[in-house]
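Report on the following structure.
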Amino acid sequence: IKNESFRQRTVDRLKQNDGDIVIFDVKGSAVHFDADNLPIADKLGLHKPQYELQEVLDFLKANNVRAIARFIAIKDQSLAKVRPDTQLENPRTGSVLSPGYVDPSDPLVLDYNAEVICALASAGVEEINLDYIRYRTEAAGSLSVFTKDEKVDKFLAFAKSAREAID
Numbered sequence: 001i002k003n004e005s006f007r008q009r010t011v012d013r014l015k016q017n018d019g020d021i022v023i024f025d026v027k028g029s030a031v032h033f034d035a036d037n038l039p040i041a042d043k044l045g046l047h048k049p050q051y052e053l054q055e056v057l058d059f060l061k062a063n064n065v066r067a068i069a070r071f072i073a074i075k076d077q078s079l080a081k082v083r084p085d086t087q088l089e090n091p092r093t094g095s096v097l098s099p100g101y102v103d104p105s106d107p108l109v110l111d112y113n114a115e116v117i118c119a120l121a122s123a124g125v126e127e128i129n130l131d132y133i134r135y136r137t138e139a140a141g142s143l144s145v146f147t148k149d150e151k152v153d154k155f156l157a158f159a160k161s162a163r164e165a166i167d
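Note that the numbering used here has the sequence shown beginning at 1, numbered continuously upward.
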């Protein structure tokens with residue numbers, strides 16, 4: 001979305017096909033937009049801006065296009081790499097259960113994601129699509145060390161933190 005002519009061509013093509021929504025990546029294994037209020041992301045080297053968020057939002061609004069921010073939540077290979085302690089581990093063996101995915105209830109994971117969500121909400125993003133609120137399908141068997149309730153509690157912690165950050 002950084003290239004102006006690409007942006008305009010995309011919106012023109014969208015309008016030609018009666019579209020009015022653009023979904024764009026804001027966070028994957030790094031934070032993709034420019035923001036001043038991301039201390040955890042900056043400290044961990046996970047803030048790698050590729051575009052000016054406000055500029056994109058203003059452009060889309062001026063073209064009557066709704067913006068949806070795609071936020072990859074639990075699949076976070078970069079955070080898992082710089083802070084391996086954020087990954088979900090087997091409570092008995094300490095082995096990582098879903099490599100490249102983080103524990104959604106880990107305090108650092110919650111704080112990091114909350115600061116990114118706050119930056120999005122402060123910029124005026126009206127809808128955030130939380131993607132990858134799950135573990136790798138291949139990890140299903142190894143996750144059986146947790147009860148259903150324990151698994152649900154981990155994801156509820158993330159959802160509650162996200163809601164509180166937006167509020």
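Note that the Cβ used here is the ideal one computed from N, Cα and C, for glycine as well.
In the DSSP assignment, the alpha helix (DSSP H) including residue 82 goes from what residue to what residue?
Here residue 82 is taken as the residue at index 82 of the sequence shown, counted from 1. Per DSSP, the unbroken alpha helix (DSSP H) holding residue 82 starts and ends at 77-82.
Quick one: Cα of residue 68 to Cα of residue 92, how far?
Position 68 of the sequence shown, counted from the start, is the residue given in the question as residue 68. Position 92 of the sequence shown, counted from the start, is the residue given in the question as residue 92. Looking at the two C-alpha atoms, the distance is approximately 40 Å.
Could you name the residues of the same chain whose beta carbon sits closer than 8 Å to that of residue 20, not counting the 5 residues immediately before and after it, in chain order?
In the sequence shown, residue 20 corresponds to position 20, counting from 1. Excluding sequence neighbours, residue 20 sits near 14, 64, 65 and 66.
Beta carbon proximity, residue 70 to chain C, threshold 9 Å
Considering every chain present, this structure includes no chain C. It has just one protein chain.
Endpoints, alpha helix (DSSP H) assigned at residue 163
For the purposes of this step, residue 163 is taken as the residue at position 163 of the sequence shown. First-last of the alpha helix (DSSP H) with residue 163: 148-166.
What residue range does the beta strand (DSSP E) around residue 129 cover?
Taking the first residue of the sequence shown as 1, we reach residue 129 at position 129. Counting along the chain, the beta strand (DSSP E) containing residue 129 begins and ends at 127-131.
Measuring CA to CA, which of 95, 71, 134 and 100 is closest to residue 82?
Residue 82 sits at position 82 when you count from the first residue of the sequence shown. Out of 95, 71, 134 and 100, 100 has the C-alpha closest to the C-alpha of residue 82.
Kindly indicate which residue of 129, 133, 80 and 95 has the alpha-carbon position closest to the one of residue 108.
The sequence position of residue 108 within the sequence shown is 108, counting from 1. For the residues 129, 133, 80 and 95, the minimum Cα distance to residue 108 belongs to 80.
Could you give the DSSP three-state label for residue 135: helix, strand or coil?
Position 135 of the sequence shown, counted from the start, is the residue given in the question as residue 135. Of the three classes helix, strand and coil, the one that applies to residue 135 here is coil, per DSSP.
Which same chain residues, not among the five before or five after residue 48, have their C-beta less than 8 Å away from its C-beta?
Numbered from its first residue, the sequence shown carries residue 48 at position 48. For residue 48, where only same-chain residues beyond five positions count, the Cβ hits under 8 Å are 30, 31 and 32.
Residue 61 beta carbon less than 9 Å from that of residue 105:
Residue mapping note: residue 105 aligns to position 105 of the sequence shown, counting from 1. Residue mapping note: residue 61 aligns to position 61 of the sequence shown, counting from 1. In this structure, residue 61 does not lie closer than 9 Å to residue 105 by Cβ.
By how many angstroms is the C-alpha of residue 166 removed from the C-alpha of residue 121?
Position 121 of the sequence shown, counted from the start, is the residue given in the question as residue 121. Position 166 of the sequence shown, counted from the start, is the residue given in the question as residue 166. C-alpha separation (whole angstroms): 6 Å.
Return the CA-CA distance between residue 70 and residue 118, expressed in angstroms with no decimal places.
Here residue 70 refers to the residue found at position 70 of the sequence shown. Here residue 118 refers to the residue found at position 118 of the sequence shown. Rounded to the nearest angstrom, the gap between the Cα atoms of residue 70 and residue 118 is 14 Å.
On the DSSP bridge list, what partners appear for residue 67?
Translated into positions along the sequence shown, residue 67 becomes position 67. According to DSSP, which records beta bridges pairwise, residue 67 is partnered with 22.
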